[in-house]
Amino acid sequence: MCALATRLRTLSRHLAEVEMRLHIQTEQVAQALAEQSVRAAQVLPASTRQLGELQSRVQAAAQLAEEVLASLRLRERGEDEVATEDAGDGQEPSTSTIIAEVAALD
21 MCALATRLRT
31 LSRHLAEVEM
41 RLHIQTEQVA
51 QALAEQSVRA
61 AQVLPASTRQ
71 LGELQSRVQA
81 AAQLAEEVLA
91 SLRLRERGED
101 EVATEDAGDG
111 QEPSTSTIIA
121 EVAALD
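If you number the sequence shown the way our numbering does, the last residue is 126 and the count never jumps.
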């Protein structure tokens, strides 16, 4: 009976140590999560602001591309009305070539 009581006390002490370690680790995890949560809360507004700025830049670039494409199309229409006697003389590329290249970017 005495051996059983000794085993139970040893087991009880071991379980108490395991419980204490588990409690300490739980506190450490909770602290780490709290710190990460604070950092995330601090970073989120700046990230949201940067995302808005990037969206504005993308919209501006898309608008500019549309304007350039429209301008090139108008230029091409104007060139179509005028006879091109100098075609293929090594000068700047034709508007239709430029439009095809810009359209390929879409």
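Yeah, the Cβ is synthetic: ideal placement off N, Cα and C, and Gly gets one too. Predicted model, so just to flag it, every value in this text is computed and none were measured.
Does residue i come out as helix, strand or coil in the three-state DSSP assignment?
| i | result |
| --- | --- |
| M40 | helix |
| S114 | coil |
Leaving out five residues on either side along the sequence, give the residues of the same chain with a beta carbon under 8 Å from the beta carbon of residue i.
| i | result |
| --- | --- |
| I119 | L89, L92, R93, E96 |
Excluding sequence positions up to five away, which residues of its chain have a Cβ less than 6 Å from the Cβ of residue i?
| i | result |
| --- | --- |
| E99 | T115 |
Does the Cβ of residue i lie closer than 7 Å to at least one heavy atom of the ligand FMN?
| i | result |
| --- | --- |
| E86 | The ligand FMN is absent from the structure shown, which contains no ligands of any kind. |
| the segment 84 to 103 touching the segment 61 to 69, judged by at least three CB pairs closer than 8 Å | no
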